[in-house]
Amino acid sequence: MSRLGRTFWLQLALAGLSVVKSAQSFTVTPNLPLSFLFSWGDPTLPFTIPVSEQCETLHITWSRQSATGPNPTAPYFLQVYTSNFIQPFVIPAGTGLTFDWQVPFAPGTLYQICMFDKFGNTGGCQETYTVIAPSSPASCPNVTFVPQLQVIATVNTGPMSQYGFIDQCTDISLQPTGGTPPFTLTVAPALHPPYNITSFDMKSINWTLSLNWASPFYISLADSSGSLWSNGPLHAGGGGTIACLSGNVTSSHNVPAHVAIGVSFLSLFIGIAFGLGGLFLHLKRRESRSVQLQSSSPISTWGRSLVQTPLQNHINPFQTDEERAANQTQVYVLHHDDNGIPPVTIIHNNRTEIVELPPRYPSYTEAESEAMREMRSDRLGSPSTISAVNSLSAHDGEDIPHYDPGGPLRLHSLRQPSLLPRKLSASSRT
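In mature numbering (1 follows the signal peptide of the UniProt record, and there is no 0), the protein residues as written are -25 to -1, 1 to 405.
See the structure below:
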């Protein structure tokens, strides 16, 4: 494989990795800041036992304490999630800083309490408690159900279970099929501030699970009319990556996982197609250039080698009647009648035009010109020419026509340069 091919596939692989990396990049929603803190139980105990008897009264208190979120505003509300129902219960807690609430659930029920003020500012969520049977007969009022919101909940492996483990850094998608926008998605982890995402249409709302492995949480969706839906307790699984735990911010409408995967592979295939197309065009262009160079190389090389001969400085081509264009290329054919040089020199440049140049002769005296006529007469067998040569000495003062190098003989003389030196030397001896 050529160096170009190796570079192309390396760049293609890097492009593919960048596409996969962008498909696997994660953004997560930040939790709500705490505006106040609340609790119940005996403050003198060194630790809390997360159990409650059925119909036990919880004395709940809250205050600003060390919270740094927005200032809380009364009235306050309890939002109670349970393991037995697929909707949370919203219980008004009044305008004071304390509230007594009886646990109405049957033994074996898991429940978790979160708290909010009138503007949705939160006091966080407590840990999950378990309801046990009462130690003595007791009675308590039942809770009131609100209208049930219809929701399609999916995770990376398919429909979401009410209880189960969902891989970290995968998306939970809630699609409302009823209700009135806006919708509010709430994720309520135990001993942690909740997460809120608000949507103003009927599109899916996605949340990237950004909790530590095995963390319990509930998830709920509410519409503007008070209809509710919830699921849990759920747990963060360890089958995924932990890259999303860096804490970036996301919007309320992320692309679902299957759509992101499809777009990523489509982008990869488009990149491969463009890369192969570019490589094909490059190879075709290089092949065409190679064929052109091979077809013109012998003549061009020969022309260059011949142009560099000593006769280069003596080339004086005739000017034609029509002016050549400045950018026109030509081929010059130069004829020689001198010994030791090839009879024809081709000066080549793109082979677009051929200009035939006349041969160049050395300058001769009048006697040498007459000798040239004698040699031509000998070949033609003319007695008159022979007698004219014999009477050269008798006509020293007369104007005898001599050979003109610029005449027609220069263009049409026979190409026999080997005869010239012998005749010239013979004439010189006479």
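The C-beta atom is built at its ideal place from N, Cα and C for all residues, glycine as well. Please read all numbers here as calculations on a predicted model, not as lab measurements.
Bridge-paired residues (DSSP) for residue i
| i | result |
| --- | --- |
| Ser205 | Ser195 |
| His210 | Phe140 and Pro191 |
| Val162 | Tyr170 and Ile194 |
| Ser86 | In the sequence as presented, Ser is not what sits at residue 86; that position holds Tyr. Tyr86 pairs with Thr57 and Tyr104. |
| Ile217 | BP columns for Ile217 are empty, so no partner. |
| Ile247 | Beta-bridge pairing links Ile247 to no other residue. |
| Gly98 | Beta-bridge pairing links Gly98 to no other residue. |
| Asp92 | Tyr51 |
| Asp146 | Thr183 |
| Pro151 | Val126 |
Which listed residue (the options) has its alpha carbon closest to that of residue i
| i | options | result |
| --- | --- | --- |
| Leu9 | Thr84, Met90, Tyr56 and Phe240 | Met90 |
| Ile147 | Pro18, Thr119, Leu186 and Phe175 | Leu186 |
| Ser179 | Ile127, Arg261, Pro21 and Cys115 | Ile127 |
| Pro109 | Val26, Met177 and Gly153 | Val26 |
| Cys100 | Pro18, Thr48, Thr161 and Asn59 | Thr161 |
| Asn131 | Ala163, Thr183, Gly153 and Ala113 | Thr183 |
| Pro18 | Glu31, Thr36 and Pro5 | Thr36 |
| Tyr193 | Leu243, Phe52, Thr340 and Pro168 | Pro168 |
| Thr73 | Ile107, Ser344 and Thr32 | Thr32 |
| Pro67 | Phe60, Phe52 and Asp75 | Phe52 |
| Asp92 | Ser114, Glu262, Gly44 and Thr119 | Gly44 |
| Asp176 | Thr152, Ser38 and Ser190 | Thr152 |
| Trp76 | Cys115, Leu20 and Val238 | Cys115 |
| Asn181 | Thr216, Ile217 and Met135 | Met135 |
| His34 | Phe13, Gly252 and Gln40 | Phe13 |
| Gly95 | Ser38, Gln40 and Tyr170 | Tyr170 |
Rounded distance between the beta-carbons of residue j and residue i, thought under 8 Å
| i | j | result |
| --- | --- | --- |
| Thr103 | Leu7 | No, Thr103 and Leu7 are not in contact; Cβ-Cβ is about 19 Å, not under 8 Å. |
| Trp188 | Gln62 | No, Trp188 and Gln62 are not in contact; Cβ-Cβ is about 28 Å, not under 8 Å. |
| Ala81 | Gln29 | 7 Å |
| Gln87 | Ala165 | 6 Å |
| Asn206 | Gln137 | 5 Å |
| Ser202 | Gln123 | 7 Å |
| Ser58 | Pro156 | Ser58 to Pro156, Cβ: 29 Å. No contact. |
| Ser11 | Ala49 | As written in the sequence, residue 11 is Phe, which differs from the Ser given in the question. Not really, about 11 Å apart at Cβ, beyond 8 Å. |
| Thr23 | Ile172 | Wrong, their Cβ atoms sit about 30 Å apart, outside the cutoff. |
| Phe158 | Gly212 | Phe158 to Gly212, Cβ: 26 Å. No contact. |
| residue 410 | Tyr56 | Residue 410 lies beyond the range of the chain shown here (-25 to 405); nothing can be said about it. |
| Gly83 | Val65 | With a Cβ gap of about 23 Å, Gly83 and Val65 do not count as contacting. |
| His210 | Ser242 | Not really, about 34 Å apart at Cβ, beyond 8 Å. |
Buried or exposed (CB count within 10 angstroms, at least 16 for buried), residue i
| i | result |
| --- | --- |
| Val78 | buried |
| Ala369 | Its pLDDT being 46, under 50, Ala369 is placed unreliably in this model, and the value from its coordinates should be taken loosely. Exposed: under 16 other Cβ atoms inside 10 Å. |
| Leu149 | buried |
| Gly69 | exposed |
| Asn117 | exposed |
| Ser195 | buried |
| Ser226 | Confidence in Ser226 is poor, its pLDDT being 45 and thus under 50, which makes the residue's placement unreliable; the coordinate value appears in the next sentence. Ser226 comes out exposed. |
| Leu(-16) | Because the pLDDT at Leu(-16) is just 42, under 50, the model does not fix this residue reliably, and the value given afterwards should be weighed accordingly. By the 10 Å Cβ count, Leu(-16) comes out exposed. |
| Phe255 | exposed |
| Lys(-5) | In this prediction, Lys(-5) has a pLDDT of 40, which is less than 50 and means its spatial position is unreliable; what the coordinates show is noted afterwards. The residue in question, Lys(-5), is exposed, as its Cβ has fewer than 16 Cβ neighbours within 10 Å. |
| Ser362 | Because the pLDDT at Ser362 is just 48, under 50, the model does not fix this residue reliably, and the point stays unresolved. |
| Thr145 | buried |
| Gly71 | exposed |
| Ser174 | buried |
| Pro47 | buried |
| Glu349 | buried |
| Gly154 | buried |
| Glu341 | exposed |
| Leu85 | buried |
| Glu345 | buried |
Any chain D beta carbon closer than 8 Å to residue i
| i | result |
| --- | --- |
| Thr36 | Checking the listed chains, one finds no chain D in this structure; it contains a single protein chain. |
Residue i beta carbon near the ligand SAM (any heavy atom closer than 7 Å)
| i | result |
| --- | --- |
| Cys30 | Summarising the ligand content, the structure contains no ligands, and the ligand SAM is consequently not present. |
Where are the beta strand (DSSP E) runs, 3 residues long or more, that stay fully inside the segment 108 to 140, in chain order? 126 to 130
Runs of 3 residues minimum, wholly inside the segment 2 to 77: which ones carry the beta strand (DSSP E) assignment? 12 to 14, 26 to 28, 32 to 38, 51 to 57, 64 to 69 and 73 to 77
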